[in-house]
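Below is one structure, written out as structure tokens; comments come after it.
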Amino acid sequence: MSNTKYRGIFTVYNTLTRQKERFEPLHSGHVGMYVCGPTVYGDPHLGHARPAITFDVLFRYLTHLGYKVRYVRNITDVGHLENDADEGEDKIAKKARLEELEPMEIAQYYTDRYHTFMDRLNVKRPSIEPRASGHIIEQLQVVEEILAKGYAYESHGSVYFDVPKYNRDYQYGKLSGRVLDDLMSSTRDLDGQEEKRSSFDFALWKNASPEHIMRWPSRFGDGFPGWHLECTAMSSKYLGTQFDIHGGGMDLMFPHHECEIAQGTIAKGHEPARYWMHNNMITINGQKMGKSLGNFITLEEFFTGSHRLLASAYSPMTIRFFILQAHYRSTVDFSNEALQAAEKGLQRLMDARATLDKLKTGAHTNYDIDAFEKSCYDALSDDLNTPLVIAALFDATKAINTIAAGQASMTADDLVRLKGLFERFMGDVLGLSTEVASTGGDEKLGEVMQLMLHLRSEAKAAKNFALSDQIRDELSKLGFVIKDGKDGATWELK
RNA sequence: GGUCGGUUGGCCGAGUGGUUAGGCAACGGUCUGCAAAACCGUGUACGGCGGUUCGAAUCCGCCAUCGACCUCCA
1 MSNTKYRGIF
11 TVYNTLTRQK
21 ERFEPLHSGH
31 VGMYVCGPTV
41 YGDPHLGHAR
51 PAITFDVLFR
61 YLTHLGYKVR
71 YVRNITDVGH
81 LENDADEGED
91 KIAKKARLEE
101 LEPMEIAQYY
111 TDRYHTFMDR
121 LNVKRPSIEP
131 RASGHIIEQL
141 QVVEEILAKG
151 YAYESHGSVY
161 FDVPKYNRDY
171 QYGKLSGRVL
181 DDLMSSTRDL
191 DGQEEKRSSF
201 DFALWKNASP
211 EHIMRWPSRF
221 GDGFPGWHLE
231 CTAMSSKYLG
241 TQFDIHGGGM
251 DLMFPHHECE
261 IAQGTIAKGH
271 EPARYWMHNN
281 MITINGQKMG
291 KSLGNFITLE
301 EFFTGSHRLL
311 ASAYSPMTIR
321 FFILQAHYRS
331 TVDFSNEALQ
341 AAEKGLQRLM
351 DARATLDKLK
361 TGAHTNYDID
371 AFEKSCYDAL
381 SDDLNTPLVI
391 AALFDATKAI
401 NTIAAGQASM
411 TADDLVRLKG
421 LFERFMGDVL
431 GLSTEVASTG
441 GDEKLGEVMQ
451 LMLHLRSEAK
461 AAKNFALSDQ
471 IRDELSKLGF
481 VIKDGKDGAT
491 WELK
């Protein structure tokens, strides 16, 4: 189901202009969207979850609004320069040598891992997921285009983008608010940059040293593409030289996206994206997550609870919900306390969704369904304000529970609408799916549970509370939660 | 050092020039054999100091503080 009625009011914060703007696609009814994907040299971690979920919701919402969306998210598998204390070394190549595997084997393994964990977070796969290694030819074409326009130069088998020249004719740094002259005067010189005319020039093509095992032939010699180039080559190939939305983490704003703008402007004649959207970072106990800080938590560790900072395991949906409870442009801090609160809140929402199916209808409705619908659309259309949508869902939850408690009522028609809205916003757009088939699922299990509840209620009727409590407690040990209500007990499997 | 962004009640986290965010936790009550769940009620928060205004937590200035980026990073 889609709703084109709300298309016109969708606003997004555009990093380029530093303000919210009404979203209007380049081609009516169609949206092209590019998001920087993972570098597949390590296990997916919390940092991967934030942009994936943020732009997943954007993808879902635009689709819901009735746009035909082409969502492109790349896989970086050619390795990028690693700037450790010593010489630059290709990340993937380094890992490969350590584990004595073919580089592509590493890339494939971590790509699969990425997919597995994103699937568990209920992140939809993009429309196209291009690999950098599969687009070497396209990247070399971009190099040629930039060389032909005179904004790049060859040096020792590498090709560099001429940033000072670009800055004279255009404006380098407009996205991140940097001024090249300021940067020049305040940045230290790095070693090994004598090949470059300016320290701010960046590689379009990098010469591969003999020990560098990820390499491709080119007219400049064997080498590999520079670390900003794939996005320019692949976005223009699949979305056109200008497209609607470019997304990614805030940390990519400079220099990565700045370089993309420069490359696109020269090679393709104009800036690549009209709206730039950046998600903020995550912190752990108020501290930036980083390998050196010892608070680097992979998604697998989260799902299994196998990290010393975690008091317990947290389900994929808890993490998704937790991330969506904060606005994407705010930092979000992970702590056990906050995660446990999110876990309970999500449970309340899930319970309400299940209750919706058991609700008895009445002659009139005490609630304003239209207002609920409107607040959901208003929230999402205001730069994807997922916390407000969730607040609206909690308001609806209260209504559902009040009706279930027999203190308010709802007509059959309104109930159908409310169910539809719940599914639409909680399920389709926010992507909060039910993790465990609770009361549904196994038919035989349901029958057995009905039998257990029946025996318990007979014990209660006979005032044999020892037995009824024993049934409840034993079931509880097995993970079944028994809830006594006005019309008898219900159960859930946690 | 430069650029940018935060600082909201016990915790998380929206928002806004004057009217309830929401969740979690806490407390009181209803229901219950008990408990859980659910429902009802309670908290009057916006870093500090000035300024603008009839009125600011919301706008402006200064200060404090935290963080991000500037170097691989989502």
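Just so we're aligned, residue 1 is where the first sequence starts under UniProt numbering, counting upward by one. Even glycine gets a Cβ: it sits at the ideal position worked out from N, Cα and C. Given the structure is predicted, the values throughout are model-derived calculations rather than measurements.
Of the choices C36, V179, I53, whose alpha-carbon is the least far from that of W227? Reading the first sequence from its first residue, position 227 is the one you call residue 227. Considering only alpha carbons, the answer is C36.
Output the distance between the C-alpha atoms of G362 and I400, rounded to the nearest integer angstrom. Counting from 1 along the first sequence, the entry for residue 362 is found at position 362. Counting from 1 along the first sequence, the entry for residue 400 is found at position 400. Taking the CA atoms as reference points, G362 sits about 13 angstroms from I400.
Quick one: using the 10 Å Cβ neighbour count with 16 as the cut-off for buried, is residue 512 buried or exposed? Because residue 512 is not part of the residues shown, which for the chain are 1 to 494, the question remains open.
In DSSP terms, what P51 is bridged to: For the purposes of this step, residue 51 is taken as the residue at position 51 of the first sequence. Secondary-structure assignment with DSSP links P51 through no beta bridge to anything.
Can you look up E102 in the DSSP assignment and give me helix, strand or coil? Translated into positions along the first sequence, residue 102 becomes position 102. DSSP places E102 in coil when its eight states are reduced to three.
Is G29 helix, strand or coil when you go by DSSP? The sequence position of residue 29 within the first sequence is 29, counting from 1. Reduced to three states, the DSSP call for G29 is coil.
Just how far apart, CA to CA, sit S263 and Q19? The residue labelled residue 263 in the question sits at position 263 within the first sequence. The residue labelled residue 19 in the question sits at position 19 within the first sequence. Just to set this straight, residue 263 is Gln in the shown sequence, not Ser. Roughly 24 angstroms between the two C-alpha positions.
Would you list, in sequence order, the uninterrupted alpha helix (DSSP H) runs of no fewer than 4 residues that lie entirely inside the stretch 238-273? With a minimum length of 4 residues, the continuous alpha helix (DSSP H) runs that stay inside the stretch 238-273 are 258-268.
Do Y41 and residue 495 come within 7 angstroms of each other at the CB atom, strictly closer than that value? Because the chain is modelled from 1 through 494, residue 495 falls outside the range shown and cannot be assessed.
Please work out which residues of its chain come closer than 7 angstroms, Cβ to Cβ, to N167, disregarding the five sequence neighbours upstream and downstream, and give them in chain order. Translated into positions along the first sequence, residue 167 becomes position 167. Cβ within range, chain order: L180.
I think T397 touches L430, with their Cβ atoms under 8 angstroms apart; what is that distance to the nearest whole Å? Position 397 of the first sequence, counted from the first residue, corresponds to residue 397. Position 430 of the first sequence, counted from the first residue, corresponds to residue 430. Here T397 is actually not in contact with L430; their C-beta atoms are around 14 angstroms apart, not less than 8 angstroms.
Classify Y160 as helix, strand or coil using the three-state DSSP reduction. The residue you call residue 160 lines up with position 160 of the first sequence. Strand at Y160.
Determine the contact status of I106 and A93, defining contact as a CB-CB distance below 7 angstroms. Within the first sequence, residue 106 is the residue found at index 106, counting from 1. Within the first sequence, residue 93 is the residue found at index 93, counting from 1. For the pair I106 and A93, the CB atoms are not nearer than the 7 angstroms cut-off.
Would the beta-carbon of K174 fall within 7 angstroms of that of Y151? For the purposes of this step, residue 174 is taken as residue 174 along the first sequence, with counting starting at 1. For the purposes of this step, residue 151 is taken as residue 151 along the first sequence, with counting starting at 1. No Cβ-Cβ contact shorter than 7 angstroms links K174 with Y151.
Proximity below 7 angstroms, CB of A342 to CB of T318: Residue mapping note: residue 342 aligns to position 342 of the first sequence, counting from 1. Residue mapping note: residue 318 aligns to position 318 of the first sequence, counting from 1. Taking 7 angstroms as the Cβ cut-off, A342 and T318 qualify as a contacting pair.
Within 10 angstroms of its Cβ, does A52 collect 16 or more other Cβ (buried), or is it exposed? Translated into the one-based positions of the first sequence, residue 52 becomes position 52. A52 comes out buried.
Could you say which of T490, R219, H256 lies nearest to F200 if we only look at CA atoms? Taking the first sequence and counting its residues from 1, the one referred to as residue 200 is at position 200. Scanning T490, R219, H256 for the CA closest to the CA of F200 turns up H256.
Please work out which residues of its chain come closer than 6 angstroms, Cβ to Cβ, to A489, disregarding the five sequence neighbours upstream and downstream, and give them in chain order. The residue you call residue 489 lines up with position 489 of the first sequence. Closer than 6 angstroms at the Cβ level, and outside the excluded window around A489, lie L453, I482.
Three-state secondary structure assigned by DSSP to V436: As a position in the first sequence, residue 436 is number 436, starting the count at 1. Unreliable placement is indicated for V436, whose pLDDT of 49 sits below 50; the coordinate value is still reported in the next sentence. In the three-state reduction of the DSSP assignment, V436 falls in the coil class, being assigned neither a helical nor a strand state.
Spatial distance of Q242 from D395 (CA atoms): Here the question's residue 242 lines up with position 242 in the first sequence. Here the question's residue 395 lines up with position 395 in the first sequence. Those two C-alpha atoms are separated by around 41 angstroms.
Cα-Cα, which of L324, E260, N279, A208 is closest to H270? Translated into the one-based positions of the first sequence, residue 270 becomes position 270. With distances taken between Cα atoms, H270 lies closest to E260.
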